[in-house]
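Asks: Pasting a structure below so you can have a look.
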């Protein structure tokens, strides 16, 4: 089975949409039990949660216009990304509790895989 690091080495296109296409094409949605990769249901639930929780300090759809929904964790945290930045949004959806990484989604998941991501939200994966 291919790894996230191998996926990153296979391409120069770092767009989140391309990442999701590769995950789907190579049937790697269950590469790890910790992440549930983009499916319409998870994405829809995320944006509904933002609407439901709407309050000062909570992310809004407008804040995330440039981001692509990538995955939900089993802890109900969320991963969204642009070509050059990956955001980890906790289940609370507070901006102040979120973590921003100035890396592509490919690099982000390679770091997760190698247990080199310094995050207070994302668990270490065995």
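Numbering (this note's numbering), first residue to last: 8 to 133.
By construction, the Cβ of each residue, glycine as well, lies at the ideal position given by its N, Cα and C atoms.
Note that this is a predicted model, so its numbers are computed, not measured.
1. From the DSSP secondary-structure annotation, give me the bridge partner or partners of residue 106.
2. Are the stretch 50 to 57 and the stretch 12 to 32 touching by the rule of at least three beta carbon pairs closer than 8 angstroms?
3. Give the C-beta separation of residue 92 and residue 109 to the nearest angstrom, bearing in mind that I take them to be a contact with Cβ-Cβ under 8 angstroms.
4. Leaving aside the five residues before and after residue 90 along the sequence, list all residues of the same chain whose C-beta is less than 8 angstroms from its C-beta, in chain order.
5. How many angstroms separate the CA atom of residue 84 from the CA atom of residue 119?
6. Quick check on this structure: which residue in 18, 19, 125, 61 has the alpha carbon closest to the alpha carbon of residue 101?
7. I need the straight-line Cα distance from residue 82 to residue 32, nearest angstrom please.
8. Compute the Euclidean distance between the alpha carbons of residue 28 and residue 88, then round it to the nearest angstrom.
9. Identify every residue that forms a DSSP beta bridge with residue 88.
10. Hey, how far is the Cα of residue 41 from the Cα of residue 130?
11. For residue 41, name the three-state secondary structure that DSSP assigns.
12. To the nearest angstrom, how far is it from the Cα of residue 132 to the Cα of residue 97?
Replies: Let's see:
1. As a first step, residue 106 is located in the chain shown; it is residue number 99 there, counting from the start. For residue 106, which the question treats as bridged, DSSP gives the partners 95.
2. In short, these stretches do not touch, since the Cβ pair count stays below three.
3. Residue numbering aside, residue 92 sits at position 85 when the chain shown is read from its first letter. Residue numbering aside, residue 109 sits at position 102 when the chain shown is read from its first letter. That pair is a contact at about 6 angstroms.
4. To locate residue 90, count along the chain shown from 1; it is residue 83. Here residue 90 has 21, 22, 23, 111 as same chain residues with Cβ atoms under 8 angstroms from its own Cβ, once five neighbours each way along the sequence are excluded.
5. One-based indexing of the chain shown puts residue 84 at position 77. One-based indexing of the chain shown puts residue 119 at position 112. Going from the Cα of residue 84 to the Cα of residue 119 covers about 14 angstroms.
6. Numbered from 1 along the chain shown, position 94 holds the residue referred to as residue 101. Among 18, 19, 125, 61, the Cα nearest to that of residue 101 is on 61.
7. On the chain shown, position 75 is the one that residue 82 refers to. On the chain shown, position 25 is the one that residue 32 refers to. Going by the C-alpha atoms only, they are around 26 angstroms apart.
8. Numbered from 1 along the chain shown, position 21 holds the residue referred to as residue 28. Numbered from 1 along the chain shown, position 81 holds the residue referred to as residue 88. Whole-angstrom Cα-Cα distance: 14 angstroms.
9. By one-based count along the chain shown, residue 88 stands at place 81. Partner(s): 75, 93.
10. Walking along the chain shown from the start, residue 41 turns up at place 34. Walking along the chain shown from the start, residue 130 turns up at place 123. Each residue's alpha carbon lies about 8 angstroms from the other.
11. As a working note, residue 41 is residue 34 in the chain shown. Reduced to three states, the DSSP call for residue 41 is coil.
12. For the purposes of this step, residue 132 is taken as residue 125 along the chain shown, with counting starting at 1. For the purposes of this step, residue 97 is taken as residue 90 along the chain shown, with counting starting at 1. Answer to the nearest angstrom: the Cα atoms are 17 angstroms apart.
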